[in-house]
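S.K.:
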Amino acid sequence: MVTVAIRLLPDDVVLQGRPGEPILDTLRRAGYSHRFGCRRGGCGVCRVDLVEGSTTDGAVVSEAVLTPEERAAGVRLTCRAVPDGDVTLRLREDDTLRCVSPFLARYVTRSSLT
Ligand code: FES
Numbered sequence: 001m002v003t004v005a006i007r008l009l010p011d012d013v014v015l016q017g018r019p020g021e022p023i024l025d026t027l028r029r030a031g032y033s034h035r036f037g038c039r040r041g042g043c044g045v046c047r048v049d050l051v052e053g054s055t056t057d058g059a060v061v062s063e064a065v066l067t068p069e070e071r072a073a074g075v076r077l078t079c080r081a082v083p084d085g086d087v088t089l090r091l092r093e094d095d096t097l098r099c100v101s102p103f104l105a106r107y108v109t110r111s112s113l114t
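Going by my numbering, the residue at position 87 of the sequence shown is 87; the numbering climbs one at a time, nothing skipped.
1) For Arg117, which three-state DSSP category applies?
2) Put Asp25 into one of helix, strand or coil per three-state DSSP.
3) By DSSP, does Arg71 sit in helix, in strand, or in coil?
4) Among residues of its own chain, excluding the 5 on either side of Leu50, which ones have a beta-carbon nearer than 7 Å to its beta-carbon?
5) Answer yes or no: the CB of Gly53 versus the heavy atoms of ligand 1, is any distance below 8 Å?
Quick look at the structure:
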């Protein structure tokens, strides 16, 4: 299976995403989490900043949640954004990457700072 590399800053954790898989799903499958709410593109809580690469939304995101200006500036919703290839994302200053399952993280994480 072809995978994509999802690099998360500032922790510098790299996860293996599956084709068509939203970023938040990859995090959770890999034993990680960050701040999220509805998981349906409706609240905007899961905002991150795209540093490198590109994404496509796996489902419709309302412009009331993510404006065209925010999107153009690189803001993405991890519950909707599907990487087009390898991507680098930066969590917001008030957000934290948490390892919620060290067992899963051991098998899915490509590399990380421990
Ligand atoms: S969790 Fe609500 S928009 Fe992503």
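Here a beta-carbon is modelled for each residue, glycine too, at the ideal position from N, C-alpha and C. Since this is a predicted model, take the numbers as computed values, not measurements.
M.R.: According to the structure data:
1) The structure shown has nothing for residue 117, since the chain only spans 1 to 114.
2) The residue you call residue 25 lines up with position 25 of the sequence shown. Reduced to three states, the DSSP call for Asp25 is helix.
3) Counting from one through the sequence shown, the residue named residue 71 turns up at place 71. Note: Arg71 maps to helix in three-state DSSP.
4) Residue mapping note: residue 50 aligns to position 50 of the sequence shown, counting from 1. Result list for Leu50: Gly74, Arg76, Val87 and Leu89, in chain order.
5) Locating residue 53 in the sequence shown gives position 53, where the first residue counts as 1. The answer is no for Gly53.
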